[in-house]
Amino acid sequence: WRWNRVSSAAVSSAPIHRRWSVAGDLNGFFGLVVDNLAVMAILANFLVVLFKFPADIVYTRMFPGTAFGVLVGDLIYTWMAVRLARRTGRDDVTAMPLGIDTPTTFGLALLVLGPAFAGFKQKGLDEHAAAIATWHLGMAAMIVMGLLKLVLSFAGEWVGRAVPRAGLLGSIAGIALMLIGFLPIVELLRVPVVGFVGLGVVLYAVVAKGRLPGNMPGVLAAFLVGLALYYSLGPLGLAGPSYHAPGTFTLRFALPVPSLGFIDGLGSTVPYLPLILPFGLLMVIGGINVTESARAAGDDYRTRDILLTEAFSTLVAGLCGGVAQTTPYIGQPAYKKMGARCGYTLLTGVFVGLGGVFGYLSNLVELVPLAVLAPILVFVSIEITAQAFDATPKRHAAAVVFSFFPSIARMLAIKLGDPSYVPPERFARLLSSTDQGMPELGVIVALGNGFIITAMIWATFVAALVDRRTRAAVAALVTGAGLTLFGVIHSVEPGGGLYLPWALSGVGRMLALQFAAGYLALAALIALLSLQREPPAGA
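Pasting the structure below:
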């Protein structure tokens with residue numbers, strides 16, 4: 013694709029022939045498609061394999077809308093890149109890559125959709141009805157996150173100043189380390205040959221920057237090598253008992269038709285708002301960081317346009333049945349180094365969007381087992397966690413580490429028995445006081461409820477403490493106390509739901525008050541300590 017432009021520097025000169033799609037767009041296309049395919053495979057594997065979710069609902073209801081959101085977002089980003097190229101008279105502008113966000117898709121599948129599906133079945137719904145209710149919940153979650161991102165698009169920079177990077181990046185790094193990294197490590201070790209080799213390729217090519225034959229991207233190489241090993245060793249009985257032969261090709265045609273089904277799921281989102289809202293907030297901050305990264309690479313996109321696009325594409329996805337939010341990917345400079353320009357996002361959007369409609373995307377996803385995806389997920393967890401330290405001032409490293417503890421609690425709660433599956437009466441006994449105090453598992457569950465917001469508050473408190481910003485530290489603790497009273501964090505409800513503090517009774521009320529009192533007592537202590545005179549420098 014080509015276009016002509018008269019140079020603004022020399023009006024009298026002849027039209028300059030410019031290209032906005034080049035051979036490098038193929039490299040960018042394959043890299044971006046693999047990223048999106050991997051995330052959709054994560055979503056499907058978690059729901060279908062781990063939670064026994066009906067596959068037809070995932071592939072014919074969830075996938076088309078999710079893929080359509082990618083199509084819409086990539087088309088807008090392609091147009092933005094062409095517009096920037098025309099305005100600047102450059103032919104090396106690289107479009108902003110957009111796709112399905114990995115951490116929040118992982119989190120929604122594992123912490124919202126899966127537990128909600130189990131909860132709906134516990135309430136007496138049959139499997140199909142529970143799946144439809146969960147789908148509507150997922151749609152509603154997209155609408156909620158899309159609206160939040162739409163509003164914050166105009167205030168994202170203020171949010172970035174109000175919450176330190178240690179809080180924003182530390183909270184997402186905790187998810188990355190404990191959920192995106194640790195749990196896939198378990199899956200990787202179930203098929204060690206496939207998992208270790210795939211992980212080795214990623215670590216060699218992407219982490220250690222080693223060169224692969226033909227300069228093949230490391231993630232793509234790990235993906236292909238893993239598939240080849242899995243399906244060559246599997247029939248020989250060398251891939252372990254978890255091997256499953258590929259199924260037959262199934263034609264699944266499903267249009268992403270706009271629907272008001274999300275209205276039915278809005279009420280069900282309330283218990284999950286402490287997870288859903290931070291996911292939207294983190295994507296806004298991530299969008300700001302990604303735009304700055306692209307600007308540093310030479311492509312000056314307007315931050316608000318980038319944020320509004322991801323908000324709009326998320327809303328479109330939710331309205332059309334999608335259950336995973338879109339986001340600009342952080343690798344724009346990497347795609348520029350690949351030689352990609354404006355065409356790769358167009359190709360990716362069309363491929364993914366049509367794949368959701370005609371079903372070939374679901375067929376590709378069915379071919380990809382968790383053992384093949386696990387090395388990629390481990391790499392993603394390493395990158396996100398490392399970024400939390402690299403992009404945070406060194407003096408705030410302790411704040412980042414401190415923010416990991418709520419995520420550890422959530423991971424333990426998942427492995428030991430997610431509270432979403434525990435009957436209310438058993439949960440009450442779990443949290444009841446004993447002669448030795450509250451049981452350890454009860455503390456773990458309460459700490460894990462609302463863990464993302466808890467991590468942000470804890471990191472904000474420690475960072476402010478390090479910077480001698482006493483008022484900010486106290487404000488963070490008071491905020492924690494207030495959120496505790498309403499169950500936004502440390503909820504004493506089985507599924508981590510919200511509540512009014514005066515509606516609680518018995519053990520639940522006592523625990524909520526104890527947690528809130530703990531925050532307030534610490535806030536008072538910090539305020540009192542700040543009244544003493546600071547020692548002179550070097551004392």
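Numbering (my numbering), first residue to last: 13 to 551.
Quick reminder that beta carbons are idealized off the backbone N, C-alpha and C, glycines included.
State the Cα-Cα distance for the pair residue i and residue j, rounded to the nearest angstrom.
{"i": "Leu541", "j": "Ala488", "result": "16 Å"}
{"i": "Ser374", "j": "Leu241", "result": "21 Å"}
{"i": "Arg177", "j": "Gln526", "result": "29 Å"}
{"i": "Arg98", "j": "Ile88", "result": "15 Å"}
{"i": "His502", "j": "Met423", "result": "15 Å"}
{"i": "Arg95", "j": "Ile155", "result": "29 Å"}
{"i": "Asp447", "j": "Met157", "result": "At Asp447 the pLDDT is 46, less than 50, meaning the model places this residue with poor confidence and gives no usable figure here."}
{"i": "Leu232", "j": "Gly520", "result": "50 Å"}
{"i": "Leu532", "j": "Val490", "result": "6 Å"}
{"i": "Gly530", "j": "Leu359", "result": "54 Å"}
{"i": "Val573", "j": "Ala536", "result": "Because the chain is modelled from 13 through 551, residue 573 falls outside the range shown and cannot be assessed."}
{"i": "Ala539", "j": "Val474", "result": "14 Å"}
{"i": "Val105", "j": "Glu304", "result": "15 Å"}
{"i": "Ala476", "j": "Leu287", "result": "24 Å"}
{"i": "Val206", "j": "Thr114", "result": "22 Å"}
{"i": "Leu216", "j": "Ala188", "result": "Before going further, note that residue 216 is Tyr rather than Leu in the sequence given. Cα-Cα distance, rounded: 20 Å."}
{"i": "Phe132", "j": "Tyr313", "result": "44 Å"}
{"i": "Ile184", "j": "Gly298", "result": "10 Å"}
{"i": "Pro345", "j": "Ala309", "result": "6 Å"}
{"i": "Thr496", "j": "Thr357", "result": "43 Å"}
{"i": "Arg9", "j": "Met92", "result": "Outside the displayed range of the chain (13 to 551) lies residue 9, so it cannot be described from this structure."}
{"i": "Gln544", "j": "Leu516", "result": "39 Å"}
{"i": "Phe274", "j": "Ala141", "result": "15 Å"}
{"i": "Phe401", "j": "Leu137", "result": "45 Å"}
{"i": "Phe417", "j": "Leu453", "result": "14 Å"}
{"i": "Leu534", "j": "Pro405", "result": "25 Å"}
{"i": "Ala67", "j": "Phe75", "result": "11 Å"}
{"i": "Ala79", "j": "Thr116", "result": "16 Å"}
{"i": "Gly494", "j": "Tyr243", "result": "53 Å"}
{"i": "Asp311", "j": "Gln399", "result": "22 Å"}
{"i": "Val84", "j": "Thr397", "result": "30 Å"}
{"i": "Asp430", "j": "Leu239", "result": "Per-residue confidence for Asp430 stands at a pLDDT of 48, beneath the threshold of 50, marking its modelled position as unreliable; the derived number appears in the next sentence. Roughly 32 Å separates the two Cα atoms."}
{"i": "Phe291", "j": "Gly246", "result": "37 Å"}
Let me check one thing: in DSSP terms, what residues is residue i bridge-paired to?
{"i": "Leu164", "result": "Leu164 is not bridged to any residue."}
{"i": "Thr339", "result": "Gly111"}
Pick out whichever of the options has its Cα sitting closest to the Cα of residue i.
{"i": "Thr321", "options": "Pro225, Met108, Val219 and Ala234", "result": "Met108"}
{"i": "Leu512", "options": "Gly518, Leu59, Arg177 and Phe498", "result": "Phe498"}
{"i": "Val457", "options": "Leu523, Thr397 and Val94", "result": "Leu523"}
{"i": "Val625", "options": "Phe324, Leu516, Leu532 and Ile187", "result": "Look at the range of the chain in this structure, 13 to 551, and you will see that residue 625 is not part of it."}
{"i": "Arg407", "options": "Gly361, Ala421 and Asp479", "result": "Asp479"}
{"i": "Ile465", "options": "Ser419, Leu278, Gly330 and Ile426", "result": "Ser419"}
{"i": "Leu331", "options": "Gly246, Ala346 and Gly150", "result": "Gly150"}
{"i": "Leu110", "options": "Ala476, Leu453, Ala421 and Tyr347", "result": "Tyr347"}
{"i": "Leu510", "options": "Phe417, Ser244 and Gly462", "result": "Gly462"}
{"i": "Leu554", "options": "Ile275, Gly226 and Val203", "result": "Nothing about residue 554 can be read from this structure; the chain reaches only from 13 to 551."}
{"i": "Leu125", "options": "Pro76, Ile300, Gly77 and Lys64", "result": "Lys64"}
{"i": "Phe208", "options": "Ala141, Met52, Val237 and Gly279", "result": "Val237"}
{"i": "Ala56", "options": "Thr72, Asn301, Pro229 and Tyr243", "result": "Thr72"}
{"i": "Glu395", "options": "Gly193, Ala167, Gly43 and Ala130", "result": "Gly193"}
{"i": "Pro229", "options": "Ala425, Gly518, Leu459 and Leu44", "result": "Leu44"}
{"i": "Val504", "options": "Thr338, Val455 and Ala493", "result": "Val455"}
{"i": "Ile300", "options": "Gly277, Leu289, Thr339 and Leu278", "result": "Thr339"}
{"i": "Met295", "options": "Thr326, Phe363, Leu278 and Ala421", "result": "Thr326"}
My guess is that residue i and residue j are in contact by the Cβ rule of under 8 Å, so how many angstroms apart are they, rounded?
{"i": "Ser415", "j": "Gly182", "result": "3 Å"}
{"i": "Leu12", "j": "Val390", "result": "In the structure as shown, the chain starts at 13 and stops at 551, and residue 12 therefore has no counterpart that could be examined."}
{"i": "Ile69", "j": "Phe118", "result": "Their Cβ separation, rounded to whole angstroms, is 19 Å, which puts Ile69 and Phe118 out of contact at 8 Å."}
{"i": "Ile112", "j": "Ala336", "result": "5 Å"}
{"i": "Leu160", "j": "Leu272", "result": "That belief does not hold up - the Cβ atoms of Leu160 and Leu272 are roughly 20 Å apart, past 8 Å."}
{"i": "Tyr341", "j": "Asp47", "result": "7 Å"}
{"i": "Thr472", "j": "Val175", "result": "6 Å"}
{"i": "Leu263", "j": "Leu191", "result": "Wrong, their Cβ atoms sit about 34 Å apart, outside the cutoff."}
{"i": "Pro387", "j": "Ala234", "result": "5 Å"}
{"i": "Ala403", "j": "Gly81", "result": "Ala403 to Gly81, Cβ: 27 Å. No contact."}
{"i": "Gly77", "j": "Gly361", "result": "About 14 Å; that fails the 8 Å criterion."}
{"i": "Ala152", "j": "Leu278", "result": "5 Å"}
**Study point:** Cβ contact (3+ pairs, closer than 8 Å) linking the stretch 37-56 and the stretch 351-363
**Key:** yes
Exercise for review: Evaluate contact between the stretch 221-229 and the stretch 142-157, counting only Cβ atoms and requiring at least three cross-stretch pairs below 8 Å.
Suggested key: no
Review point. Are there three or more Cβ pairs, one per stretch, closer than 8 Å when the stretch 370-389 is compared with the stretch 253-263?
Key: yes
Check your understanding: Counting Cβ pairs closer than 8 Å, one from the stretch 266-286 and one from the stretch 364-372, do we hit at least three?
Key -> yes
Exercise for review: Flag this pair as touching only if the stretch 406-414 and the stretch 272-283 have three or more C-beta atom pairs under 8 Å; answer yes or no.
Suggested key: no
Practice item. Taking 8 Å as the threshold, find out whether the stretch 56-74 comes into contact with the stretch 302-317 through three or more Cβ pairs. Key: no
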